[in-house]
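See structure below.
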Amino acid sequence: MFSKKMHQAMNDQIQHELYSAYIYLSMSAYFESENYPGFAQWMRIQFEEEMAHAFRFYDYIHSRGERVTLLPIGQPPAEYESPLAAFEAALEHEQKITGDIHRLYALATEENDYPSLSFLQWFIDEQVEEEEHVGGVVDNVKRVSGVSHAMLMLDRELGQRQPPAEVEEE
Ligand code: OFO
9 MFSKKMHQAM NDQIQHELYS AYIYLSMSAY FESENYPGFA QWMRIQFEEE
59 MAHAFRFYDY IHSRGERVTL LPIGQPPAEY ESPLAAFEAA LEHEQKITGD
109 IHRLYALATE ENDYPSLSFL QWFIDEQVEE EEHVGGVVDN VKRVSGVSHA
159 MLMLDRELGQ RQPPAEVEEE
């Protein structure tokens, strides 16, 4: 059974995913303004991925016969002290989202909601990847921070990120 509580928690998660998208788009704008086009591109793809995550919840709620109610989305930060500070904020944000997903999974377990457990498994795995991925970028930015030539090379490298297949399909 898809409980009212689970329906509401998943509906809230759409807002969290859209806010994630909004944060990354804002980080992309920050990097554009700082003249790091590669970092900006990386964040723009991150934005697209978050939109795809929001749509997964959106479609799932409908597939369980319930309706989606969109909630307000807050204004994300516009400025960061440095590229490193922006990527560290992205990692911290992903850790928060991992907590959200784990709480949803715990609720589905409590309610014996097997379809939701199956649906959420994709997000459990995705968050492991997200944290590993963003954490790797944080480490690389830390290593090259302050070395302008190396920052330029890293900017170029991250600018080659391609959208995942599921984003390209949409
Ligand atoms: Fe960046 O992760 Fe969505 O859920």
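Per our numbering, the sequence shown starts with residue 9, numbered consecutively. Even for Gly, the Cβ is constructed at its ideal location relative to N, Cα and C. Keep in mind it's a predicted model, so treat the numbers as computed, not measured.
In three-state terms, what does DSSP make of residue i?
| i | result |
| --- | --- |
| F63 | helix |
| E87 | coil |
| D121 | coil |
| P45 | helix |
| F55 | helix |
| V76 | coil |
| Q129 | helix |
| M9 | coil |
| R179 | No information on residue 179 is available, as it lies outside the stretch 9 to 178 that the chain covers here. |
| I22 | helix |
| Q170 | coil |
| G82 | coil |
Exposed or buried, residue i, counting other C-beta atoms within 10 Å across all chains shown (16 or more means buried)?
| i | result |
| --- | --- |
| W130 | exposed |
| R111 | exposed |
| A98 | buried |
| H70 | exposed |
| A86 | exposed |
| S90 | exposed |
| D133 | exposed |
| S124 | buried |
| I75 | The sequence given here has Arg at residue 75, not Ile. Its Cβ having fewer than 16 others within 10 Å, R75 is exposed. |
| A173 | exposed |
Assuming residue i contacts residue j under a Cβ cut-off of 8 Å, what Cβ separation, rounded to an integer in Å, is found between them?
| i | j | result |
| --- | --- | --- |
| N148 | L162 | 6 Å |
| Q135 | E102 | 7 Å |
| F55 | L79 | The pair is not a contact, with the Cβ atoms about 19 Å apart (cut-off 8 Å). |
| M9 | L115 | Rounded, the Cβ-Cβ distance is 13 Å, inconsistent with contact. |
| Y68 | M35 | Going by Cβ atoms, the distance from Y68 to M35 rounds to 27 Å, so no, they are not a contact pair. |
| Q23 | I109 | Not confirmed; about 14 Å, so no contact. |
| V145 | F65 | No, V145 and F65 are not in contact; Cβ-Cβ is about 25 Å, not under 8 Å. |
| M59 | A37 | At roughly 16 Å, the Cβ-Cβ gap does not stay under 8 Å, so M59 and A37 are not in contact. |
| G46 | R164 | 5 Å |
| L92 | S156 | That pair is no contact at about 14 Å. |
| R169 | I53 | 5 Å |
Any Cβ of chain D within less than 8 Å of the Cβ of residue i?
| i | result |
| --- | --- |
| H157 | Absent from the structure is chain D; it holds one protein chain and no more. |
Residue i lies in the alpha helix (DSSP H); which residues open and close that run?
| i | result |
| --- | --- |
| R164 | S156 to L166 |
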